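Numbered by UniProt numbering, the letters in the sequence shown go through residues 1 to 253 in order.
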Amino acid sequence: MGMSKDDPVLFTMEKLRGALESKSSNKPEQAATARLEVFNAIQEKWVPSTVAIEYFQKVFPQFAEFWLFRRQFSYQLAALTFITYIMYMHNRYPQKINISRATGKVWGSEMMSYMSANKPFFHNPEPVPFRLTPNLQTLMGPLATEGIFACSLMAIARCLTEPEYELEHALTLLVRDEMLFWFTGSHRNGVITESQLRDSVQVNSDSIVKRAISLAHSPVGNLPANQTVIDAIAKAVNPMNLAQCDALWMPYL
C-alpha cells in the first residue's frame, strides 16, 4: 500500500503534541475535539473501516466460507470481550488479539487486569469499556453485531451469574493471587494482614461479579432483553470515546 504501519501512530503523536503541551491552557472539550479530528483523518487517509473485512474476503473468496468465518468470529470475539470487560483488562492493543484464518477462533495474549499503583482495586483506565473498533464492527457486520455478539455477551453473563455466588467462589483464588502480587510488587512497608487481604479480595470479587450481573440484567419495561449490553456497546463504539484512547491502542483498527 506504500505506507508504513507506524504512519497513523506517528501522525497522531505529531498532531496531538501541541494540544498536550498546551493542555493547561486549553479546555478539556477542545482537546477531545482535536483527538476526534485526528481519529477521523486517520480513517480517511490510512485506515478505513473496511481494512479487516477486505482482507478476510480475500482469505475466504467463497461466500459460504466467509459467512461461517464471520459467524464463528462473532461468537469468539464476544467471549474475549466478556472476559476483558468483567476482569478490567486494559491495553487491548491490536497485536494482542489473534484471529485464526482456518477456524475464525479468537484468543488474546497478555491479558492482565489493571490496578492502580496507589490502591489494590481493579478498574478500567480506558475511555471505552472494551475493544470494539470500526474495523471489528464492519468485519462482523450489523446483523452479527446485534444478533450474535450482543446476545452472546448476555448469554455468557447469565450462565456465569446463575445460580448466584458460584462465580464469586470461583474468583476467590484468582483475585487473592492478584492481591498478593500487588502488595508484593508495590513494596509496601510491613506485612499484609489476613484481614486486609480478605477485605481486598472481597471488594474486588464483588466488583467483578457486579460487572457480570450488569450484562445479564434484564431491563424493566418494553426495552430489549439485552439493553444493558447494547448500552455498553454504544459506549464502546462512540467515535468520541474511541478518539480519546492512547495512540498505541489504534482505535481505528
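Glycine included, every Cβ here is placed at the ideal spot set by N, Cα and C. Note that the structure is predicted; figures quoted are calculated from it, not measured.
Distance CB(residue i)-CB(residue j) smaller than 9 Å
i	j	result
V106	L80	yes
R211	L197	no
V203	N135	no
A32	M250	no
L77	M3	no
S152	F66	no
S186	A117	yes
I53	T133	no
Rounded C-alpha distance that separates residue i from residue j
i	j	result
M111	F122	14 Å
L215	V191	37 Å
T103	F69	7 Å
S207	A155	19 Å
L160	E166	7 Å
I97	T84	11 Å
K27	H169	46 Å
A64	N226	29 Å
K235	F130	9 Å
G18	F56	38 Å
L16	V237	22 Å
S49	E194	50 Å
Q95	R71	22 Å
Q30	P61	45 Å
L36	T12	11 Å
Y88	K45	33 Å
D6	N222	47 Å
V51	E164	42 Å
E14	P142	34 Å
L173	G108	22 Å
V220	E146	20 Å
T184	A41	44 Å
Residue i - partner residues in DSSP beta bridges
i	result
V106	I99
F122	M115
M89	S113
Inter-residue CB distance, residue i and residue j (contact presumed, cutoff 8 Å)
i	j	result
P127	Q244	4 Å
L253	F39	At roughly 11 Å, the Cβ-Cβ gap does not stay under 8 Å, so L253 and F39 are not in contact.
Beta-carbon contacts of residue i that lie in its chain and below 7 Å, excluding the five residues immediately before and after
i	result
H217	T228
P125	H90 and Y114
L171	S205 and I208
I230	A150 and P224
L248	V9 and Y93
S200	P120 and M179
S74	M140, A144, I148 and F149
E86	A small fix is needed here, since residue 86 is Ile in this sequence, not Glu. Within the same chain, I86 has close Cβ partners I208, R211 and A212.
Own chain partners of residue i with C-beta closer than 6 Å, once the 5 adjacent residues on each side are dropped
i	result
A157	A212, L215 and A216
W182	M115 and P120
I99	V106
R101	V59
D246	none
Contacts around residue i, its chain only, beta-carbon distance under 8 Å, and the 5 residues preceding and following it disregarded
i	result
E162	A216
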